[in-house]
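Written below as structure tokens is the structure these notes are about.
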Ligand code: ADP
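In full-length UniProt numbering, the protein residues as written are 1 to 512.
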């Protein structure tokens, strides 16, 4: 069977060998076993169902939320001589029925459908008339409430299975799955643990960097100038920021495209085309841009602001370097980003999800403050154990000597304890720097022995140091009505003198 798969790979797709994980996934589905395939963006998930589609009798159903991408995928398949079609809201009634008829007649190897279709009883009735050996669920994290892009219509997938007398094989595919999301997908779809195929999340050609305390506009201008002619994406958190950065770059004479939710479909389509065709080298966008974009020569992805969680970050940054060539992923961090993201979380979600979202936000903040390997941090976050250091990221290549900051850490930790472990970062920093803030005086914190212990530093530096101690597991954030800070396990060891804290470039870390 695998020999046949290899034949299809070379004859139909023109590739000589499978990439890591592809073979295992194909083996499972060809053996009739459901499978969960977790691979990074660009890892080659599509082939995991496209190759079996060439070997199985009938039409493989592909459920995908990426409507804008279906047409491209289907066109690409036709170019390879593989008959395929899609059904989504962009089709006219005539096209819809025509496609359906052809599908029932067995004219397609693959049929892509948007998840919303599964809510239509009439569509499900038609589906019963097709031979469907396998259902591929793309972007499978959409099925999980814990995922970053929950789509309720994905919950109907189990209903679809009941349409068929012979149960089709299920293949769930995703690029971003933290351990609990992965569990959730598996349980909801009934896929056994041992039928999960997860390939390394490391992207060996990406160089990660976090930059703090830099003038961001200046950085962007200099970076784009230095990388003139290279394709890159700059992600910003708001439409307003997209407008101002794209204006800034346009005024400086660069070919820029922009993309955000406030633009019309037509405008967005045109801007996307300009970027994909290399007419514009830089794309400035909100996170609305990029789902399923297959542009392989993106040399850098810069985040102008910190995104809301690591899932989003890695997915967006991972759009760089799909061709395997060295590429940069730079995140520009400023502490006000934390407030922005907290605000957005508070605004946009049903309250039951807020605690989980805040926990994910903390994972993102910790990424911005860790001094360990950034790539290692990412793959560990996604559940890989014993990941090695990458040796490429800005932290791995930061040659500054580590300084012992245990004493300063102890000052902060004991201050947190004396304040009753129920205040936020700002207040703690004010106490340590000896501020005369009224609220602080009302609480009589000026009478604490830790008051003013770090008065030679400014509040911003102390605040940054607190973030560093959180990322080093000495402190932890409790998300109540306001975030408060407590001493964590390692912090207790540091206070007892059983553990040391080292930081590059001493108390005030890098200000690159
Ligand atoms: P994903 O869906 O995991 O993000 P894709 O399926 O879009 O990734 O694949 C990314 C790129 O890798 C595509 O351009 C695809 O043609 C290429 N690719 C996939 N598998 C192989 C392979 N075995 N050999 C060479 N190229 C491959």
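All C-beta atoms in this analysis are idealised placements derived from N, C-alpha and C, irrespective of residue type, glycine included.
Open item on the list: Below 6 Å, is the gap between the Cβ of residue 45 and the nearest heavy atom of the ligand ADP?
Closed with: The residue given as residue 45 occupies position 45 in the chain shown. Yes, the Cβ of residue 45 comes within 6 Å of a heavy atom of the ligand ADP.
- [ ] Taking only heavy atoms of the ligand ADP into account, decide whether any of them is closer than 6 Å to the Cβ of residue 561.
- [x] In this structure the chain extends from 1 to 512, so residue 561 is not present and cannot be described.
Open item on the list: Closest to residue 47 by C-alpha separation, out of 347, 38, 22 and 28, would be which residue?
Closed with: The residue you call residue 47 lines up with position 47 of the chain shown. Measuring from the Cα of residue 47, the nearest candidate turns out to be 22.
Task: Contact between the region 289-305 and the region 179-193 (3+ Cβ pairs under 8 Å) - done: The region 289-305 is not in contact with the region 179-193.
Open item on the list: Taking the beta strand (DSSP E) that residue 329 belongs to, which residues open and close that run?
Closed with: Looking up residue 329 in the chain shown gives position 329. 327-333 is the extent of the beta strand (DSSP E) around residue 329.
TODO: Please classify residue 247: does DSSP put it in a helix, a strand, or coil?
DONE: Position 247 of the chain shown holds residue 247. In the structure shown, the three-state DSSP call for residue 247 is helix.
Task: Candidates 257, 170 and 450, of which the one nearest residue 34 by Cα - done: In the chain shown, residue 34 corresponds to position 34, counting from 1. The residue with the shortest Cα to Cα distance from residue 34 is 170.
- [ ] Report whether the distance from the Cβ of residue 39 to the nearest heavy atom of the ligand ADP is below 6 Å.
- [x] Here residue 39 refers to the residue found at position 39 when the chain shown is read from its first residue. For residue 39, the shortest C-beta to heavy atom distance toward the ligand ADP is below 6 Å.
Open item on the list: Within 10 Å of its beta-carbon, does residue 511 have 16 or more other beta-carbons around it, so buried, or fewer, so exposed?
Closed with: For this step, residue 511 is matched to residue 511 along the chain shown. Low confidence applies to residue 511: its pLDDT is 42, below 50, so where it sits in the model is not reliable, and the reading given next is rough at best. Counting the other CB atoms within 10 Å of its CB gives residue 511 a total below 16, which places it among the exposed residues.
Task: Top-ranked residue by Cα proximity to residue 343, from 234, 188, 361 and 121 - done: The residue labelled residue 343 in the question sits at position 343 within the chain shown. If we check each option's Cα against that of residue 343, 361 comes out closest.
Task: Helix, strand or coil at residue 223 according to DSSP, with G and I counted as helix - done: Translated into the one-based positions of the chain shown, residue 223 becomes position 223. It is helical.
Task: Beta-carbon proximity list for residue 199, same chain, < 7 Å, skipping 5 on both sides - done: As a first step, residue 199 must be located in the chain shown, where it is residue number 199. So the qualifying residues of the chain are 20, 21, 39 and 43.
Task: Assigned secondary structure, residue 151 (DSSP; H/G/I helix, E/B strand, else coil) - done: One-based indexing of the chain shown puts residue 151 at position 151. Three-state DSSP puts residue 151 in coil, outside helix and strand.
- [ ] Consult DSSP for residue 417 and reduce its assignment to one of helix, strand or coil.
- [x] Position 417 of the chain shown holds residue 417. Looking at residue 417 - three-state DSSP - the assignment turns out to be helix.
- [ ] Take the Cβ of residue 364 as the centre, count every other Cβ of all protein chains shown within 10 Å, and call the residue buried at 16 or more, exposed below.
- [x] Walking along the chain shown from the start, residue 364 turns up at place 364. Of the residues assessed, residue 364 falls on the buried side of the cut-off, its CB having 16 or more other CB atoms within 10 angstroms.
- [ ] Examine the ligand ADP and report whether any of its heavy atoms sits within less than 6 Å of the Cβ of residue 42.
- [x] The residue labelled residue 42 in the question sits at position 42 within the chain shown. Within the cutoff, so yes.
- [ ] State yes or no: is the C-beta of residue 424 within less than 7 Å of the C-beta of residue 482?
- [x] Position 424 of the chain shown, counted from the first residue, corresponds to residue 424. Position 482 of the chain shown, counted from the first residue, corresponds to residue 482. Yes, the Cβ-Cβ distance between residue 424 and residue 482 is below 7 Å.
Task: Proximity below 7 Å, CB of residue 491 to CB of residue 474 - done: Taking the chain shown and counting its residues from 1, one reaches residue 491 at position 491. Taking the chain shown and counting its residues from 1, one reaches residue 474 at position 474. Closer than 7 Å, so yes.
Open item on the list: Buried or exposed, going by whether 16 or more other CB atoms sit within 10 Å of the CB of residue 2?
Closed with: One-based indexing of the chain shown puts residue 2 at position 2. Per the 10 Å Cβ criterion, exposed.
- [ ] With DSSP collapsed to three states, give me the class of residue 168.
- [x] Locating residue 168 in the chain shown gives position 168, counting from the first residue. Residue 168 carries a coil assignment under DSSP once its states are collapsed to helix, strand and coil.
TODO: Please work out which residues of its chain come closer than 7 Å, Cβ to Cβ, to residue 153, disregarding the five sequence neighbours upstream and downstream, and give them in chain order.
DONE: In the chain shown, the residue the question calls residue 153 occupies position 153. Excluding five sequence positions before and after residue 153, the CB atoms of its chain that fall closer than 7 Å to its own CB belong to 115, 116, 118 and 119, given in chain order.
Task: residue 425 - containing alpha helix (DSSP H), residue span - done: For the purposes of this step, residue 425 is taken as the residue at position 425 of the chain shown. The continuous alpha helix (DSSP H) containing residue 425 extends over residues 425-432.
Task: Reduced DSSP category for residue 286 - H, G, I as helix; E, B as strand; rest coil - done: As a first step, residue 286 is located in the chain shown; it is residue number 286 there, counting from the start. Collapsing the DSSP output to three states places residue 286 in coil.
Open item on the list: Quick check on this structure: which residue in 461, 418 and 37 has the alpha carbon closest to the alpha carbon of residue 444?
Closed with: Mapped onto the chain shown, residue 444 falls at position 444. Out of 461, 418 and 37, 418 has the C-alpha closest to the C-alpha of residue 444.
Open item on the list: Given 6 Å as the limit, tell me if residue 112 has its C-beta closer than that to any heavy atom belonging to the ligand ADP.
Closed with: If you number the chain shown from 1, residue 112 lands on position 112. Every heavy atom of the ligand ADP is 6 Å or more from the Cβ of residue 112, so no.
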